[in-house]
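Trainee:
Residue numbers (the working numbering), protein chains in the order written: chain A, 113 to 331; chain B, 113 to 331.
#1: In chain order, what residues of the same chain have a beta carbon less than 8 Å from the beta carbon of residue 246 of chain B, not counting five sequence neighbours either side?
#2: Counting only Cβ-Cβ distances shorter than 8 Å, please list the residues of the segment 122 to 149 of chain B near chain A, keeping chain order.
#3: May I ask which residues mark the beginning and end of the beta strand (DSSP E) holding residue 311 of chain B?
#4: How long is the line joining the alpha carbons of residue 240 of chain B and residue 272 of chain B, rounded to whole angstroms?
#5: Taking contact to mean 3 or more Cβ pairs, one atom from each stretch, closer than 8 Å, check whether the segment 215 to 222 of chain B and the segment 190 to 204 of chain B are in contact.
#6: Under a Cβ-count criterion, where at least 16 other Cβ atoms within 10 Å of its own Cβ denotes burial, should residue 319 of chain B be classed as buried or exposed?
#7: I want to verify the contact list: residues of chain A whose CB lies under 8 Å from the CB of residue 213 of chain B, in sequence order.
#8: Looking at chain A, which residues of the segment 264 to 277 of chain B have a Cβ within less than 7 Å of any of its Cβ atoms?
#9: Please determine if the segment 148 to 168 of chain B and the segment 299 to 307 of chain B are in contact, where contact requires at least 3 C-beta pairs separated by less than 8 Å.
#10: What are the start and end residues of the beta strand (DSSP E) that includes residue 163 of chain A?
#11: Between residue 190 of chain A and chain B, is the shortest Cβ-Cβ distance under 8 Å, so that the two count as touching?
#12: Kindly indicate which residue of A:175, A:132, A:127, A:136 has the alpha-carbon position closest to the one of residue 121 of chain A.
#13: Report the CB separation of residue 275 of chain B from residue 257 of chain A in whole angstroms; it is logged as a contact under 8 Å.
#14: What are the residues of the segment 160 to 180 of chain A that lie near chain B, defined by any Cβ-Cβ distance shorter than 8 Å?
#15: Would residue 288 of chain B count as contacting chain A if we go by Cβ distances under 8 Å?
#16: Let's see if you can read the secondary structure: which residues bound the beta strand (DSSP E) around residue 283 of chain B?
#17: Give the residues of chain B in contact with residue 321 of chain A, contact being defined as C-beta atoms less than 8 Å apart.
#18: DSSP state of residue 297 of chain A, grouped into three classes?
#19: Would DSSP call residue 151 of chain A helix, strand or coil?
#20: Along the chain, where does the beta strand (DSSP E) containing residue 193 of chain A start, and where does it finish?
#21: So residue 317 of chain A contacts chain B; which residues on that side make the cut at Cβ distance below 7 Å?
#22: So residue 134 of chain A is in the alpha helix (DSSP H); what residue range does that whole segment cover?
#23: Taking C-beta pairs closer than 8 Å, name the residues in chain A that residue 233 of chain B reaches, listed in chain order.
#24: Could you tell me the distance, in whole angstroms, from the CA atom of residue 223 of chain A to the CA atom of residue 292 of chain A?
#25: Name the chain B residues that come within less than 7 Å of residue 327 of chain A, Cβ to Cβ?
#26: Against residue 99 of chain A, what residues of chain B qualify as contacts under a CB-to-CB distance less than 7 Å, listed in chain order?
#27: Check for me: the beta strand (DSSP E) holding residue 205 of chain B runs from which residue to which?
#28: With a threshold of 16 other CB atoms inside 10 Å of the CB of residue 197 of chain A, please say whether the residue is buried or exposed.
#29: Strictly under 8 Å for the Cβ-Cβ distance: is residue 184 of chain A near chain B by that measure?
#30: With distances taken from CA atoms, which of B:313, B:322, B:289 is nearest residue 306 of chain B?
#31: Tell me whether the beta-carbon of residue 259 of chain B lies closer than 8 Å to the beta-carbon of residue 226 of chain A.
#32: Drop a sphere of 10 angstroms on the beta-carbon of residue 170 of chain B, count the other beta-carbons inside from all chains shown, and report buried for 16 or more, exposed for fewer.
#33: Measuring CA to CA, which of A:125, A:255, A:284, A:141 is closest to residue 176 of chain A?
#34: Under 8 Å, do residue 242 of chain A and residue 210 of chain B count as touching if we go by C-beta distance?
#35: In three-state DSSP terms, what is residue 231 of chain B?
#36: Apart from the five residues just before and just after residue 296 of chain A, which ones in its own chain have a Cβ nearer than 6 Å to its Cβ?
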C-alpha cells in the first residue's frame with residue numbers, strides 16, 4: 113500500500129524562481145505565491161534550493177522538506193539537492209538539466225561519477241551581447257550541425273549548441289541521455305535517441321522517498 | 113627588394129580597445145592614444161575593426177588602411193577583417209583567436225571553410241555570475257581534464273574549457289592548430305601540438321600585402 117500511496121502524493125521541486133509541482137501525471141510550473149495559495153493546505157513532499165523561501169513555506173503550508181532524504185553514492189558536499197535528486201531517477205545515464213544553467217551529470221550503476229556546469233542558452237546569448245553589438249543575435253533554432261556556418265548568427269548558434277553537444281557526446285559512451293529543464297526538449301533534438309522527461313526529478317524523488325522508507329522499516 | 117622591405121615595415125591590427133603593432137620582431141599592445149603618439153608619423157599598414165577610430169587615424173597619422181587588400185577564398189560578407197587576415201597566415205589549419213570572444217576558423221588549401229564563435233573566457237565566467245552567486249567562481253587554471261570534477265569551481269572550469277576543447281578536436285582532423293589572442297597561450301596548453309603565435313595576424317597581413325603587390329605587378 114505504501115508504494116501505491118506515494119504514486120499519488122504531490123511532489124514539489126522548488127527552484128530559485130518557480131515551484132514545480134507533480135501530481136503523478138503532469139508537472140505544473142507556478143510562482144511561489146500561486147503554489148502556496150493553491151497547494152499550501154495539501155500534503156506535499158518537496159526539495160528546495162530556494163533558502164529564502166523556506167520561512168514562508170514553514171509558516172504558510174503543511175509541506176514537508178525531504179531534501180535530507182536524498183542521497184546518492186559519490187555525491188559531493190556542495191552538490192545541489194535538485195541535481196542529487198535528478199541523478200537518482202535512473203541507475204545509468206547522463207542527466208542534463210537545461211535551465212538558467214545547464215548541468216550535466218554522469219551516473220553509473222547508481223553512483224554519481226561527476227559532472228560539469230555550462231551557462232544556459234539564454235545566459236550564453238547574453239554574454240555575446242555583452243562583448244559587442246555585432247554579436248547580439250537570437251539563437252538560430254533550426255541549425256544544421258553537419259556543416260560549418262558562414263553567418264554571424266549561425267556561427268554563434270553553432271558555437272553554443274555544437275560545443276554543448278560535443279562535450280556530451282564525449283562522455284556519452286553507451287549511456288542513455290536524459291534531458292529535462294526548460295531548454296531540455298530543444299537540446300534533446302540535436303541527439304540521437306535522447307530522452308526528454310519533464311518529470312525526471314520527480315522520478316528521482318519517488319525513488320529517494322521509497323529508499324528512505326525501506327531504510328526506516330529495516331532499522 | 114620589395115619582399116625584403118615589407119619584412120621591416122610596421123603593421124598594425126586595430127581592435128575595439130587596443131592597437132597591436134608589429135615591427136617584424138615583436139608585438140606591442142597600445143591604447144589608441146599611445147599608438148598615435150608613438151607611431152603616428154611612421155609609415156604603418158593597418159587593418160581595423162574599430163570604425164569610430166577611423167576619422168582620428170586619417171586626421172592624425174600617415175597610416176594606410178589595407179583592409180580592402182585582405183581577401184580569402186570562401187570568406188563571407190560580414191566576416192571581420194581581423195579574421196580574414198588571420199586565416200591567410202597559413203594555408204591549412206584551425207585558427208583560434210581567444211580574446212573577448214573566441215573565434216575558431218577552418219582553412220583548407222588556402223580557402224576558408226567556415227567557423228564559429230564562442231564567448232571569451234572572461235565573458236563565460238561573467239555569465240555564470242549573472243545566473244547565481246553560487247556560480248560566481250574564478251577559473252581553475254590548473255584543471256585536470258582527464259576526470260570529471262566534483263566541486264562547483266572545477267565543474268564550471270571544466271564546462272568552459274572542456275567544451276571549447278571538445279568542439280575544436282572534433283574539427284581538427286589532422287590540421288595544425290594555431291592559437292593567438294590574450295587567452296591563446298593558456299588554451300593552447302590543453303592541446304597536443306598546438307602552436308601559439310602572438311603575431312599570427314601579422315603573418316596573414318604580410319601575405320595579403322604581398323599577394324596584392326603581385327597582383328598589381330601582373331595587371
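Just so it is clear, CB atoms sit at the ideal spot from N, CA and C, and this is done for glycine as well.
Mentor: On the basis of the supplied data:
#1: 264
#2: 128
#3: Counting along the chain, residue 311 of chain B falls outside any beta strand (DSSP E), and DSSP gives it neither H nor E.
#4: 10 Å
#5: yes
#6: buried
#7: 240, 243, 244, 247
#8: 264, 267, 268, 270, 271, 274, 275, 276
#9: no
#10: From DSSP, residue 163 of chain A is part of no beta strand (DSSP E); its letter is neither H nor E.
#11: It does; some Cβ of chain B falls within 8 Å.
#12: A:136
#13: Actually they are not in contact, since the Cβ atoms of residue 275 of chain B and residue 257 of chain A sit about 15 Å apart, beyond 8 Å.
#14: none
#15: no
#16: That residue, residue 283 of chain B, is in no beta strand (DSSP E); its alpha helix (DSSP H) goes 264 to 284.
#17: Within 8 Å Cβ-Cβ: nothing; residue 321 of chain A doesn't reach chain B, min ~25 Å.
#18: helix
#19: helix
#20: Premise fails: residue 193 of chain A lies in the alpha helix (DSSP H), 193 to 199, not in any beta strand (DSSP E).
#21: Residues of chain B passing the Cβ test: none, with the nearest at roughly 21 Å.
#22: It is not in any alpha helix (DSSP H) - residue 134 of chain A instead sits in the beta strand (DSSP E) that spans 131 to 134.
#23: Correct list: empty, because the minimum Cβ distance to chain A is about 11 Å.
#24: 20 Å
#25: Under the 7 Å cutoff, chain B gives no residues; its nearest Cβ is about 25 Å from residue 327 of chain A.
#26: Limits of chain A in this structure are 113 at one end and 331 at the other, which puts residue 99 of chain A out of reach.
#27: 205 to 210
#28: buried
#29: no
#30: Distance from the Cα of residue 306 of chain B is smallest, within the candidate group B:313, B:322, B:289, for B:289.
#31: Yes, Cβ-Cβ distance for residue 259 of chain B and residue 226 of chain A is below 8 Å.
#32: exposed
#33: Of the listed residues, the one whose Cα sits closest to residue 176 of chain A is A:125.
#34: no
#35: Reduced to three states, the DSSP call for residue 231 of chain B is strand.
#36: 210, 308
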